[in-house]
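Chemist:
Residue numbers (the working numbering): -19 to 373.
1. Note down, one range per segment and in chain order, each beta strand (DSSP E) of at least 3 residues found wholly within the region 87 to 115.
2. Could you pull out every residue in the same chain whose Cβ sits closer than 7 Å to the Cβ of residue 227, ignoring the five residues on either side in sequence?
3. Could you check what DSSP says for residue 305 in three-state terms: helix, strand or coil?
4. Are residue 70 and residue 31 closer than 8 Å when you measure CB to CB?
5. I'd like the span of the alpha helix (DSSP H) that includes residue 77, first residue to last.
6. Indicate the three-state DSSP secondary structure (helix, strand or coil) for residue 46 in the structure shown.
7. For residue 126, which residues in the same chain have their Cβ closer than 6 Å to its Cβ, ignoring the five residues on either side in sequence?
8. Give me the DSSP bridge partner(s) of residue 39.
9. By Cβ distance below 6 Å, which residues in the same chain neighbour residue 355 in space, the five residues on each side in sequence not counted?
10. Rounded to whole angstroms, what's the CA-CA distance from residue 130 to residue 159? Just pull it up for me.
11. Determine whether the beta carbon atoms of residue 68 and residue 35 lie at a separation below 8 Å.
12. How close, in whole Å, do the beta carbons of residue 88 and residue 124 come, if the pair is a contact with beta carbons under 8 Å?
13. Which residue or residues does DSSP assign as beta-bridge partners of residue 345?
14. Does the region 185 to 193 come close enough to the region 305 to 313 that 3 or more CB-CB pairs lie under 8 Å?
15. With residue 311 and residue 291 assumed to form a contact (beta carbons below 8 Å), what rounded beta-carbon distance in angstroms separates them?
16. Enumerated in chain order, which unbroken segments of the alpha helix (DSSP H) with a length of 4 residues or greater are wholly contained in the region 187 to 251?
17. Nearest by alpha-carbon distance to residue 91: which of 84, 109, 112, 116 is it?
18. Using alpha carbons as the reference points, say which of 358, 10, 329 lies closest to residue 337.
19. Is the Cβ-Cβ distance between residue 362 and residue 6 less than 8 Å?
20. Rounded to whole angstroms, how far is the Cβ of residue 213 from the Cβ of residue 154, which I believe are closer than 8 Å?
21. Assuming residue 175 and residue 224 make a contact with CB atoms under 8 Å, what is their CB distance in whole Å?
22. Looking only at its own chain, which residues have a Cβ that is under 7 Å from the Cβ of residue 2, when we skip the five neighbours before and after it?
23. Can you tell me whether residue 71 is helix, strand or coil according to DSSP?
24. State the beta-bridge partners of residue 367 as determined by DSSP.
25. Could you give the first and the last residue of the continuous beta strand (DSSP E) run that contains residue 133?
26. Just how far apart, CA to CA, sit residue 271 and residue 316?
27. Could you pull the DSSP bridge partners for residue 298 from this structure?
28. Any idea what DSSP makes of residue 404, helix, strand or coil?
29. Rounded to whole angstroms, what is the Cα-Cα separation between residue 207 and residue 231?
30. Tell me whether the beta-carbon of residue 47 lies closer than 8 Å to the beta-carbon of residue 364.
31. In whole angstroms, what separates the C-alpha of residue 332 from that of residue 320?
32. Going by DSSP in three states, residue 147 sits in which element: helix, strand or coil?
33. Is it the case that the Cβ atoms of residue 100 and residue 49 are separated by a distance below 8 Å?
34. Should residue 360 be counted as a contact of the ligand GDP given a C-beta to heavy atom distance under 7 Å?
35. Where residue 237 and residue 157 are concerned, what is the direct C-alpha to C-alpha distance, given to the nearest angstrom?
36. In chain order, what residues of the same chain lie with their CB nearer than 8 Å to the CB of residue 121, ignoring the 5 residues before and after it?
In structure tokens, the structure reads:
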């Protein structure tokens, strides 16, 4: 049974068309081909790295796009059809990147295998060399590849993997801890090569699950992030057909969390109408209806009355330029380009807001948010533009 908090959230969602607040954004770069991620080194805002799905990473220095940092188009699956979820999908800078030049990438190669690998900057140059493959995961279908990489405040590398694809999780990977699919992994990449397992991983030294797994029961965690102040984990998990969800667990309580897929979609039993045992499953902190048409999205039809059909997880704002946003978690939807926020207090989502956006004069296909080294936030349009959130009104 839904608790009263989620009933109230649903009520507030129904009122969200009455927009009273707007994000003011500024375009900082354009001309990219299917940008899907942006990041920066700690305490850096002048140098940004932008990931293109087709297999390139660009450097933007003080607003000027430089030569590619990395070009691996020859080994990356080339997305040709609209909605193709394969390609170069994620990037994470090592916590000591400014000294060791190491960064990590997540891509699907031309053999439909997810590759997690590391590169290093060449001495004195903003180009990379020397791929070292950390792991390979064969993908059974062409979708639900996950793609996110992020270092937690504990210094470990976290890797998001979808359930393997197709509809309804036909291989039942979401609840199978003997596969890496449908999970977020946690690796120590500073110890033994290619990696070692942190001793506090939930399946460390036992046969109940793969030792790399940190949490599971996920359908397609396209974008997740850590609150840089608290270490809390936020996951945007793309829904099946009825509900999109944001999952949340505090930094002190998330090892071994099971988010329920495919026993549940959002806070509802799956398939719809069936009973399910919800013991020990972590419900989403927020959900919204999947009521936009994906095909209409791809051909550019206006769907202003719909919430969305593919959640894009974002970040908790911890920058200093816009005090009014401090502590708010931002997320949105690829299909409608709508952006929302809420703030977590005692494990509950409060202060829900749907934001208007001022400064984008074309359709927004929200492929990702970005965060620079000072905690300022960016919006990536899959059509090629990068925007920075600069103020509110």
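Every residue, glycine too, gets a C-beta built ideally from N, C-alpha and C.
Modeler: Here's the rundown:
1. For the region 87 to 115, whole beta strand (DSSP E) runs of length 3 or above, ordered along the chain, are 93 to 101.
2. Only 215, 217, 239, 262, 264, 265 meet the Cβ criterion.
3. Residue 305 falls in the helix class under three-state DSSP.
4. In terms of Cβ geometry, residue 70 and residue 31 form a close pair [threshold 8 Å].
5. Unbroken alpha helix (DSSP H) run through residue 77: 77 to 80.
6. DSSP places residue 46 in strand when its eight states are reduced to three.
7. Same-chain partners within the cutoff: 140, 141, 142, 201.
8. For residue 39, which the question treats as bridged, DSSP gives the partners 29.
9. 298, 299.
10. For residue 130 and residue 159, the distance between alpha carbons rounds to 21 Å.
11. Going by C-beta atoms, residue 68 is nearer than 8 Å to residue 35.
12. The beta-carbon distance between residue 88 and residue 124, rounded to whole angstroms, is 11 Å. This is too long to meet the 8 Å contact definition.
13. Answer is none; residue 345 lacks a bridge partner.
14. In short, these stretches do not touch, since the Cβ pair count stays below three.
15. About 6 Å separates the CB atoms of residue 311 and residue 291; that is less than 8 Å, so the two are in contact.
16. Correct list: empty.
17. When 84, 109, 112, 116 are compared, the shortest CA-CA separation from residue 91 is found for 116.
18. Nearest option by C-alpha distance: 358.
19. For residue 362 and residue 6, no; Cβs fall outside 8 Å.
20. That belief does not hold up - the Cβ atoms of residue 213 and residue 154 are roughly 18 Å apart, past 8 Å.
21. Actually they are not in contact, since the Cβ atoms of residue 175 and residue 224 sit about 32 Å apart, beyond 8 Å.
22. Within the same chain, and ignoring the five residues on either side of residue 2 in sequence, the residues whose Cβ sits closer than 7 Å to its Cβ are 335, 336, 337, 338, 372, 373.
23. Look at residue 71 here: in three-state DSSP terms it is strand.
24. Per DSSP, 7, 359.
25. Annotation for residue 133: no beta strand (DSSP E) segment contains it, and DSSP assigns it neither H nor E.
26. Residue 271 and residue 316: Cα-Cα distance of roughly 10 Å.
27. Residue pairing by DSSP places residue 298 opposite no residue, since no beta bridge is assigned to it.
28. Nothing in the structure corresponds to residue 404, since the chain is present only between -19 and 373.
29. Computed Cα separation, rounded: 9 Å.
30. No.
31. Rounded to the nearest angstrom, the two C-alpha atoms are 7 Å apart.
32. In the three-state reduction of the DSSP assignment, residue 147 falls in the coil class, being assigned neither a helical nor a strand state.
33. No, they are not a contact pair.
34. The ligand GDP is not part of the structure shown, which contains no ligands of any sort.
35. Cα to Cα, residue 237 sits roughly 11 Å from residue 157.
36. Only 144, 145, 146 meet the Cβ criterion.
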